[in-house]
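A quick write-up on the structure given underneath.
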Amino acid sequence: MEVINNIAKRYYKYSLWLIFGLTVVILIVMQYFQDTSLVGALSISALFSLISGIAYIQSWKAVAKRSTASLGKFYLAASALRMLSALVVVVIAMVVMKDDKSSLLGFTAMFVGFYLVMLVFDCVYFSQIEKKNKLK
1 MEVINNIAKR YYKYSLWLIF GLTVVILIVM QYFQDTSLVG ALSISALFSL ISGIAYIQSW
61 KAVAKRSTAS LGKFYLAASA LRMLSALVVV VIAMVVMKDD KSSLLGFTAM FVGFYLVMLV
121 FDCVYFSQIE KKNKLK
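Anchor point for the sequence shown: position 38 equals 38 in the UniProt record's numbering, and the numbering is continuous, going up by one each time.
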C-alpha cells in the first residue's frame with residue numbers, strides 16, 4: 001500500500017509541475033505577442049487538466065489497492081472517460097462561443113494541446129510504473 005501511495009504522490013507532483021509549466025510558457029508567449037484574448041481558454045484548459053488528473057489518480061489508487069490485475073481495464077476505461085469529458089467541454093465551448101470562430105479555434109487548439117500533453121504524460125508515467133513491476 002505504501003508503494004501505491006508513493007506512486008500517487010509522485011504523479012500529483014509531476015502532473016502539477018507539468019500543468020504549471022505549460023501554463024507559464026503559454027502566458028509568456030501571450031505576453032510576447034501581446035495577445036491575452038485566450039487567457040480564459042488557458043484557465044479552462046489548465047483547470048480541466050488539473051481536475052481530470054486528480055480524478056484519474058484517485059481512481060487509479062482505488063483500483064490498485066483492490067486488484068492490480070484490473071489495472072489494464074482501468075487504463076482503458078479511464079482514458080475513454082477522460083476523452084468523453086474533454087469532448088463535453090469542447091462541445092460546451094462551441095455552444096458558448098458559436099459567434100466568435102477565432103476564439104473557438106484558439107480555445108480548441110489550446111485545450112487539445114493540454115489534453116495531448118497530459119495523455120502522453122499519463123502513458124509514459126504509468127508505462128514506467130508497469131514496466132518496473134512496482135505493483136506486483
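The C-beta atom is built at its ideal place from N, Cα and C for all residues, glycine as well.
Of the listed residues the options, nearest to residue i (C-alpha basis)
i	options	result
serine 52	Val29, Met30, Lys73 and Leu16	Leu16
glutamine 58	Thr23, Asn5, Lys101 and Ser103	Asn5
alanine 62	Met1, Tyr125 and Ala109	Met1
valine 88	Ala64, Phe48 and Ala55	Phe48
isoleucine 26	Val91, Phe107 and Leu71	Phe107
tyrosine 11	Lys131, Lys132 and Phe121	Phe121
residue 150	Ile92, Lys65, Val24 and Gln31	Beyond the ends of the chain as shown, which are 1 and 136, falls residue 150; an answer cannot be given.
Expected contact under 8 Å - CB spacing of residue i and residue j to nearest Å
i	j	result
serine 103	methionine 97	5 Å
phenylalanine 111	serine 45	5 Å
Buried/exposed call for residue i, threshold 16 Cβ in 10 Å
i	result
phenylalanine 33	exposed
alanine 77	exposed
alanine 109	exposed
isoleucine 129	buried
residue 137	Since the first residue of the chain shown is 1 and the last is 136, residue 137 is not available in this structure.
leucine 105	exposed
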